[in-house]
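Colleague:
There are 2 protein chains.
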Amino acid sequence: MPQAEQDRSVFRAIADPTRRAILDRLRQGPAPVNELASAFSQSRPAISKHLRILRELNVVSEQRHGRERVYRLEPAELKDIADWILPYRDFWQQSLGNLKSYLEDE
Amino acid sequence: MPQAEQDRSVFRAIADPTRRAILDRLRQGPAPVNELASAFSQSRPAISKHLRILRELNVVSEQRHGRERVYRLEPAELKDIADWILPYRDFWQQSLGNLKSYLEDE
DNA sequence: ATAATACGTAACCAAATGGATACGCATCAT
DNA sequence: ATGATGCGTATCCATTTGGTTACGTATTAT
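Chains as they are written, first to last, in this note's numbering: chain C, 5 to 110; chain B, 5 to 110.
Structure, rendered in structure tokens:
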């Protein structure tokens, strides 16, 4: 796949399970890098790279506190995901409704 | 990244913009492969590969109609996405609320 | 029967991804 | 001042990803 452009969308960002886990963790409050890194069986630089991706998409923000860098969840950009998934919601609710009435007609 | 296991989650599936576009198209009704392929500037085999990924995750279903294969949206599996994004919704609504009250306090 | 159509799959390939290790630079503790 | 701590970045590497062309097969048209 000779693609010249790389995809830096939020969809790509949350495709990685580690990044999703980082975001899930940050929902409980801001955390410095070491705390985030120790939660996963990966090296700290690996987590740093994940954080950079999230940072550049403004899904998290960094605040320096002495020698620590505290990361905070900035969920506004995740709205794209919610906006995209929303129309599908109607579909599967409709499907469930169809199943329900089908079962009731038995 | 020497990873032995590959990630076949729905999150990975919707990371690709072409696959999202395919799903978006299928929301307007089932379609055969050629119709889907002609909508994108990619070869038909490329679309076939995307469809296979979606098929194996049960996000779409295939129904053979003569020599055509009609693909239909099966959005139930997308619920994982909606379930994951939902808690973040509260966060950005809260952020917007904070911004609003901040602006009103000016 | 033969040709055309509608697909899937195989083989191949460049680029992107996500990991590790090595290093550098502030900042804090002593 | 010196060492330890917290973190980012550079470099390197294997794997995955997503594209292509070539080919095979089932179905429809002639």
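The beta carbon of each residue, even a glycine, is placed where N, CA and C say it ideally should be.
Below 6 Å CB to CB, which residues in the same chain sit around C:Q67 once its five sequence neighbours on both sides are set aside?
Modeller: V74
Colleague: Determine whether the Cβ of B:I26 lies closer than 7 Å to any Cβ atom of chain C.
Modeller: no
Colleague: According to DSSP, simplified to helix, strand and coil, what is C:R36?
Modeller: Residue identity check: residue 36 of chain C is Pro in the sequence provided, not Arg. Three-state result, C:P36: strand.
Colleague: Report yes or no: do three or more beta-carbon pairs, one from the stretch 82-94 of chain B and one from the stretch 82-92 of chain C, lie closer than 8 Å?
Modeller: The answer is yes - the stretch 82-92 of chain C touches the stretch 82-94 of chain B, with three or more Cβ pairs under 8 Å.
Colleague: Write down the C-beta distance between C:V63 and C:A17 rounded to the nearest angstrom, noting that I regard them as a contact closer than 8 Å.
Modeller: The C-beta separation of C:V63 from C:A17 comes to about 6 Å, placing the pair in contact by the 8 Å criterion.
Colleague: Would DSSP call B:S13 helix, strand or coil?
Modeller: Coil at B:S13, not helix or strand.
Colleague: Quick check on the burial criterion: 16 or more other C-beta atoms within 10 angstroms. Buried or exposed for B:P49?
Modeller: exposed
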